[in-house]
Amino acid sequence: MNDLAKLFEQMMEQSHRMARAFNPALESFQVSGFDKLMPTMPKDFMDMMWGTTFNKDGLDAKTRLLVVLAGLTVLGAQAEPQFKLTVRHALEAGATQQEIAEVIYQMSMLGGIPAMTKALNLAQSVFQEMTEGDDA
Numbered sequence: 035m036n037d038l039a040k041l042f043e044q045m046m047e048q049s050h051r052m053a054r055a056f057n058p059a060l061e062s063f064q065v066s067g068f069d070k071l072m073p074t075m076p077k078d079f080m081d082m083m084w085g086t087t088f089n090k091d092g093l094d095a096k097t098r099l100l101v102v103l104a105g106l107t108v109l110g111a112q113a114e115p116q117f118k119l120t121v122r123h124a125l126e127a128g129a130t131q132q133e134i135a136e137v138i139y140q141m142s143m144l145g146g147i148p149a150m151t152k153a154l155n156l157a158q159s160v161f162q163e164m165t166e167g168d169d170a
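The sequence shown begins at 35 in our numbering and counts up one residue at a time.
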């Protein structure tokens, strides 16, 4: 085993020990459903964390989250829980469904039609979940 493999193995073991220390159930945690586990942060909190607190003239949380959606789309929307969580946060930060769809459509030029289609399907599922939640 080379040094890099040993380092990686040590890092993985350390992360497992840390997960066990936080909560033993985290050690066998599966990513599916992760997007529902994490609450949507309020817009003011997102602006504080990623927006105007550190750079008053910089991007607001809504714009930053739309940029993240663009990047995740170009990568093929492979990280489904993270993608869905970002859609929820973008909506909370003030983005409209139309703006989210436009960002995804635009990324078809860079990531391709399959990436765009997958991202649109994921975004639509979030829109539908939120509509169903409003009806309940």
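Don't be surprised by glycine CBs; every beta carbon is placed ideally from N, CA and C. Quick caveat: nothing in here was measured; it's all calculated off a predicted structure.
A Cβ-Cβ separation of about 36 angstroms leaves residue 96 out of contact with residue 55 under the 8 angstroms criterion. For residue 142, same chain residues with a beta-carbon under 6 angstroms away, outside a window of 5 residues either side, are 150 in chain order. Considering only 168, 101, 46 and 113, the residue with the shortest C-alpha distance to residue 139 is 101. DSSP, read as helix, strand or coil, puts residue 44 in helix.
Cα atoms of residue 160 and residue 112: separation of roughly 16 angstroms, rounded to the nearest angstrom.
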